[in-house]
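Reviewing the structure listed below.
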Amino acid sequence: MKQLVMFGLALVMTLGSLSCNAQDNKKADAKTAVSNKVEVYYFHFTRRCHTCESVESNAKLAVESLYADKIKAGEYSFKGINLDDASSKAIAEKLGVGGQTLLVVSGSNKIDITSQGFMNAQNLEKMKEEIKKAVEKATKG
């Protein structure tokens with residue numbers, strides 16, 4: 000009986016170490032596929048308060064006014080994503096989002112500016128500053 004327990008423990012430890020190695024390889028592969036495209040996402044639910052709606056509208060205005068030429072070139076984009084829609088589950092899982100989030104993504108870099116977005120929901124100029132800082136940080140790597 001003691002040998003069976005020891006064998007089981009050894010098996011669990013071996014499988015555990017193999018799964019850790021598999022995760023490390025996936026992370027390395029993700030880092031090699033770096034893109035210069037910048038995407039600003041605002042994840043939300045169907046039911047929203049006025050502040051939540053302001054975060055989305057001002058973030059969208061900020062991105063469009065700061066990066067109009069890059070949006071036209073297809074290099075930058077803004078996307079509002081409703082987490083209640085079944086079609087949004089894949090992107091939410093990919094980016095690790097489970098609730099209302101304002102996120103700047105460039106390649107494997109993700110900058111979460113949700114707090115800054117809500118603090119500056121009614122101030123378009125401050126929203127522009129925060130988005131510009133996040134985009135610069137995300138694109139530098």
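To convert, note that position 90 of the sequence shown is 89 in numbering that gives the first Met the number 0; the numbers rise steadily by one, no gaps. Backbone N, C-alpha and C define an ideal beta-carbon position, used for all residues, glycine too. Bear in mind that the values here come from a model prediction, so they are computed numbers and not experimental data.
Residue i vs residue j beta-carbon contact at 9 Å
i	j	result
residue 54	residue 101	yes
residue 67	residue 126	no
Candidates the options, of which the one nearest residue i by Cα
i	options	result
residue 63	82, 130 and 139	130
residue 121	40, 35 and 52	52
residue 132	117, 112 and 89	112
residue 134	61, 96 and 89	61
Whole-number beta carbon distance between residue j and residue i, since they are thought to touch under 8 Å
i	j	result
residue 35	residue 92	That pair is no contact at about 24 Å.
residue 80	residue 40	6 Å
Those residues which DSSP pairs with residue i across a bridge
i	result
residue 73	In the DSSP output, where bridge partners are listed per residue, residue 73 has none listed.
residue 110	103
Spatial distance of residue i from residue j (CA atoms)
i	j	result
residue 82	residue 107	22 Å
residue 44	residue 85	12 Å
residue 47	residue 138	31 Å
residue 109	residue 76	14 Å
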